[in-house]
Amino acid sequence: MNKRTRIDQLLETKPIGEKVTVKGWVRSFRNNQFVALNDGSDFDNLQIVIDRGKTDDSILRKIHPGTALGATGTLVESRGKGQAIEIHADEIVIYGESDPETYPIQPKKHSKEFLRENAHLRFRTNTFGAVFRIRHQLAYAIHTFFHERKFYYLHSPIITASDAEGAGEMFRVTTLDPANIPFNEQGQVDFKKDFFGRETNLTVSGQLEAELGALALGQVYTFGPTFRAENSNTSRHLAEFWMVEPEVAFNDLYDNMDLAEEMLKYLIRHALDHCKKDLEFLHQQAEKEDSQKPRNERPEMNLIDRLQFCLEHDFARISYTEAIDILLNSKPNKKKKFKFVIEEWGADLQSEHERYLVEKHFKKPVILYDYPKEIKSFYMKVNEDNKTVRAMDILFPGIGEIVGGSEREENLDVLVARMDELNIPKDELYWYLDIRKFGSCPHSGYGLGFERMVQFVTGMSNIRDVIPFPRTPGNASF
RNA sequence: GCCUCAAUAGCUCAGCUGGUUAGAGCGGCGGACUGUUAAUCCGUAGGUCCAAGGUUCAAGUCCUUGUUGAGGCGCCA
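Under the numbering used here, the residues of the first sequence are numbered 554 to 1031, in order.
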């Protein structure tokens, strides 16, 4: 066989009359004659027309959905209606057979749950092919966005010694034998005998390390896996997920919001520009699904319109205090339609309140800032009112919180006082405090849940369908 | 962790207030077909009704417990 040409290339350049070789996996085989071949390079398949006179029966019998094959032949304009070009095959080579009796991916609609159980094969479907091509484009765009703005990609550690960040329950990392755990004289586990000579965990966030980088390199970002051992059972949480965390020296909270909004729009625009076919397919799928729903549950906008709308409008920016005023005066609050009725300033906002603000009141993404310090983390800069901190959350329709960030407390005394208040051990975080001792300065950053972004852009309703192999409580298959 | 719902053929589902031998579409298998578009046509096989226990003359259907999954809530990104 000749060197293979990718199908996306052929679909784009259409070299009519040329002899080419393509290799991929069979999606369908019709009329004992037409193979729809997909090689992953494009959403669309290429049609291979087989000349039965030229092709052995033993080869025809091996062509089924899932079969890996190569085809060499002349590229011609298609006589059929479904495609512009096709290959008239002179030679077919079977690489790998696919037993039709046991191959789970049939040319028909499968449920997302079924495909999740077959996550090793779901890449071969239209939907998941589209989702993972978009996921790649978004990951790539993260890097170009920051690189173009002269940020440095900082690799924060996956294994950390600190468990003091308060971002969630952590997974322990150990080489101790669970059947033979060493104890010290006080009867506690003797971590001195463990691999690192101390207790270690998987990281819940690269933020603290990113701050160290930012206060020397100026502007950095991390983009890596993070781990939370929370028993969260929702369509928006994973135990292992990827997080993007930029950190910028001398940025205040408003610069932080500008950066985040600019980044989110950049990512959406990149997807619209580079994933047209995949997005159009997902858009159509969503339309089909929505048409099955009762009228009042259908979204006002469908996928591509929603993405366009986000690009064309400034995000709403309101303080927590303003948000509470809006909620106090809202119909569902007055009529006690909320499960948690807002009664006074200081209440933590529940997802029903966030959804009201985003989906009913503003009808666009909302940036909420200046939260009560009681409901936020120790490292956030305390405002002059001594009641609120310089925190901001970006809320997206259908997703909820997609970004959480803050201006960091750069004053050593205030930070130490906050840590004491919240019982956070200072000795473990001496390095974090050192940054405030030597050349401290204002700085800000945020975390973007990468899968939540992929969810928003693809319109997939369950976060388990936008990461190849999801890890959730009770589930770590593959 | 809490609340709600679900589990029937390989897949997607129907199966009414308990009542003969549990159905359909798709897929599989056998056959036909050289312009098909999730092809079509003819034929055919395929079920421990999630598991265990219970109520009843009789359970896919009712009850209890468990398992798995989904949706919602909390934690967050």
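Think of the CB as a built atom: it goes at the ideal place given N, C-alpha and C, for glycine as much as any other residue.
For clarity, every value in this text was computed on a predicted model and none was experimentally measured.
Pairing Pro778 with Glu764 gives a Cβ-Cβ distance that is not under 7 Å. Listed in chain order, the alpha helix (DSSP H) elements of length 4 or more contained wholly in the segment 602-684 are 610-613, 665-670.
The closest CA to that of Tyr693, considering only Asp595, Thr680, His823, Glu639, is found on His823. Distance from the CA of Asp609 to the CA of Pro568, rounded to the nearest whole angstrom, comes to 28 Å. Around the Cβ of Arg859, a 10 Å sphere holds 16 or more other Cβ atoms; the residue is buried. DSSP, reduced to helix, strand and coil, places Glu954 within a strand of the structure shown. Taking a cut-off of 8 Å for Cβ pairs, the segment 788-803 and the segment 1000-1010 touch, as three or more such pairs fall below it. When the five nearest sequence neighbours on each side are left out, the beta carbons in the same chain lying within less than 6 Å of the beta carbon of Gly577 are those of Leu590, Asn591, Asp592, in order along the chain. DSSP, read as helix, strand or coil, puts Ile711 in coil. In the pairwise beta carbon analysis, the segment 901-910 is classified as touching the segment 876-883: at least three pairs are separated by under 8 Å. In the DSSP secondary-structure assignment, Pro925 is bridged to Thr941.
Distances from the CA of Arg725 to each of Ile560, Arg781, Lys661 were compared; the closest alpha carbon is that of Arg781. Distance check between Thr874 and each of Lys916, Ile920, Glu833, Glu840 places Ile920 closest, using alpha-carbon atoms only.
DSSP places Phe698 in the helix class (H, G or I) of the three-state scheme. A straight-line Cα-Cα distance of about 40 Å links Tyr774 and Lys556.
With fewer than three CB-CB distances shorter than 8 Å, the segment 634-641 does not count as touching the segment 979-990.
Residue range 983-990 is occupied by the alpha helix (DSSP H) that includes Trp984.
Here the segment 680-694 does not lie against the segment 739-752, with fewer than 3 beta-carbon pairs under 8 Å apart. If you draw a straight line from the Cα of Ser993 to the Cα of Glu937, it is about 19 Å long.
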